[in-house]
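Numbering (my numbering), first residue to last: 1 to 593. For glycine and all other residues, C-beta sits at the position ideal for the given N, C-alpha and C.
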Amino acid sequence: MRPTNASVIAAIRQLIAYTQLEDGTSQSFRTRAYEKAIDAIAATHSNVAEMSVSELREIDGIGDATARKIVEFASNGSIGKVERLKTKFPPTMLELMKIPGLGPKTVLRLQEHLGVTDVAGLEDALDKQLVRTLPGLGVKSEEKIARSIQLLGIHSDETRTPIHDAMGIAARVMAELSASVDIDRIEYAGSLRRLSETIGDIDILVASDDAASVTERFIGLPGVTATLGSGDTKASVVIDDRIQVDLRVVREENFGAAWLYFTGSKGHNIELRQRSLERDTTLNEYSLSSVPTGEVIAARTESEIYSALGLAWITPEVREGAGEIAAADAGALPRPVSVEDIKGDLHLHTDRSGDGRSTLEAMLDAASARGLEYVAITDHAENLTMNGLSRAEMLEQHAEIEEQRVRRPEMAILAGVELNIDAEGSIDYDPEFLELFDIGVASVHSYFDLDTTAQTARIIAAMENPAVTIIGHPTGRKIGSRPGIMFDLDAVLEAAVETGTALEINSSLQRLDLSAPFLRRAVEVPGVRFVISTDSHHASGLSNMKWGVSLARKGWVRPSSVLNSLPKNEFLAVLGIHGTDSAAEGVQYRDDH
DNA sequence: GCCGTTTTCGGCCCGACTGTTTTCAGTCG
């Protein structure tokens, strides 16, 4: 069994940590080269552990040395250099480097002067007030390290916060800060804006002429449980003992440059600055300016800066330093999908579902308010215990939908259902009853631990069922709590094209399913079609469409491959549903051919 | 360690904050 790209990346991260100790710096060109290799692997669609040295070297950012280390890891499960460095630096020293404020230099000094190589030893040295005796360290450093140990874990991978939780905290902090001090503009940046699945720190950017007041208010906000640092223009706090929030205050005329800078990713920024230098300009968080004259060329908006660098604005979700700048340069980046592109929502629950909270009426009002041309009501089918609807309840709902069609002639209201894919790929009800629905979303709600072969087979079997139009939240994952099923994506994509089944891009921040890496692979397959749906269980959920759209952008999905970007009549025609004008007359949509 | 319309050596993005330094090193993003 070959290691996954994720485990190759984990191995290189370990290599980086040991190399930082060996080089005595976190900024050596070697470690930066390794970091670049990680970015390159993360952007690769194939399994690097199956590639040869020469194939690996084809990848931009991977050279001979790293290619050999990857091959070595693929065949041995370890890298010789790491094993050698482990004899010099005990693995517990890596734990020390995870403590905020402790870098390779300090960790090396602890080992050299005090023989400290693990957290317990460090705590002991702190107790004995020995740390202050080290060169470059004093009493304040000692106190800072002691505080950091208490906060240990905030930066480690295990405690990255799922985006759903981080987004909520960010919204709360931004609302409270806006309410307590006069500011010109406030936005979030960083991995949150790039729609990463898990968030390390929340980055918030404010435009104001009075930075000192803003930072002062910020460190005093409710929920702040620790202040990690604060200066004239930036501050870092911990919110709810849980997540670090970094604030940066700039002047409005520099906002674009700052937003670009703090959105990252680091790799994207570095590439942009290199491109900038090639044009005899320099880019920092304040502006893009001329090297010879120092004159500011662009600073107020991101678009102006990209434009000055000869690029169209790049949507934040794809700023991963993974080829997006080269693609933009070549005009090969897809036009980003926008919320305005989406004409219908095809996965909506009402309070008839056990987990639904709003009435059909409320859901349709919400859809109208959003200007949607069509919706599909997709309550759970009967096999989902507790939450599913019996046949009788479904028929009752169909009558309700008929009434709504008469009252809302402008909107196409599809009588749909969210079907449950069982272990073998069968779905609820019988073929005759399924005929009564206009559209079927089939989803996995059970048997998450079958092997890859069985999962692939059940998904494909569901796709082959004529009642199934869409596969809902295809992996069933919940970010931070459930990994989702494993299936052969290539086989599923092939079946999706053959059967004409669309794949759902689920807008829930807990799901974001299909994930961006899967979407990046799916868009390479001609003929694969997507729908972006909210899977709303409450009328307020329809506003989550923005996250699904954002995810589609992150996956380089073209608007033309999104089925529910079609205007109503074209969409209904694709589904084989006729007679949209007859809606006012209360005629059922399901074509009876 | 990587890379190359100024190629196989000599470069490699940029700045804030902290604590210790009395002009700067370390860490972080």
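Nearest to E340 by C-alpha distance, out of G416, R370, A454 and G527, is R370. For R30, the closest of R13, A42 and H45 by C-alpha to C-alpha distance is R13. Around I479, the same chain offers P162, I163, H164, E197, T198, L509, Q510, R511 and L512 as residues with beta carbons nearer than 8 Å, after the five sequence neighbours per side are excluded. Taking the Cβ atoms as the reference, P316 lies roughly 5 Å from T263, within the contact range of under 8 Å. Taking T350 as reference, the option from A328, I325, G344 and I377 with the minimal CA-CA separation is I377. By the neighbour-count criterion, in which 16 or more other beta carbons inside 10 Å mark a residue as buried, V82 falls on the buried side. Within the same chain, Cβ atoms closer than 8 Å to the Cβ of T92 are found at T117, D118 and V119, the five residues on either side in sequence being excluded.
Secondary structure at V417: strand, using DSSP grouped into helix, strand and coil.
According to the DSSP assignment, I243 belongs to the beta strand (DSSP E) that extends over I243 to V250. Between T233 and V249 the beta-carbon gap is near 5 Å, inside 8 Å, which marks them as a contact. Within the region 303-371, the complete beta strand (DSSP E) segments of 3 residues or longer fall at 344-348, listed in chain order. Going by beta carbons, P100 and S148 fall inside the 7 Å limit.
Going by DSSP, V116 is part of no alpha helix (DSSP H) at all; its letter is neither H nor E. Straight across, the Cα-Cα distance linking A516 with H537 is about 23 Å.
A distance below 6 Å between beta-carbons, with the five flanking residues on each side excluded, links S446 to no residue of its chain. The DSSP-derived three-state label of D203 is strand. Taken atom to atom, the span from the alpha-carbon of A212 to that of E302 is near 25 Å.
With fewer than 16 other CB atoms across the displayed protein chains lying within 10 angstroms of its CB, P526 is exposed.
DSSP places A211 within a helical segment (H, G or I) once states are collapsed to three. Residue burial annotation: V406 is exposed, with fewer than 16 other C-beta atoms found within 10 angstroms of its C-beta.
Under the 8 Å Cβ criterion, the region 96-110 counts as touching the region 133-148, having at least three qualifying pairs.
Nearest C-alpha to K343 among G77, P559, D60 and K98: P559.
Between D184 and A207, the C-beta gap is smaller than 7 Å, which places the two residues in contact.
For the pair T282 and I297, the Cα-to-Cα distance works out to about 10 Å. Contact between V468 and V523 is ruled out by a C-beta separation of about 22 Å, above the 8 Å threshold.
In its chain, beyond the 5 residues on either side, I505, S507 and I532 have a beta carbon closer than 6 Å to the beta carbon of G548. Taking R217 as the centre and dropping the five residues before and after it, the same chain places the C-beta of L177, S180 and V181 closer than 7 Å to its C-beta, in chain order. As the crow flies, the alpha-carbon of D488 is around 13 Å from that of L514.
Around the Cβ of S265, a 10 Å sphere holds 16 or more other Cβ atoms; the residue is buried.
Assigned with DSSP and collapsed to three states, A299 falls in coil, not helix or strand.
Between the beta-carbon of V441 and that of G476 there is about 13 Å, and that puts the pair past the 8 Å contact cut. Taking R521 as the centre and dropping the five residues before and after it, the same chain places the C-beta of H45 and L489 closer than 7 Å to its C-beta, in chain order. By the neighbour-count definition (other C-beta atoms within 10 Å, threshold 16), E324 is a buried residue.
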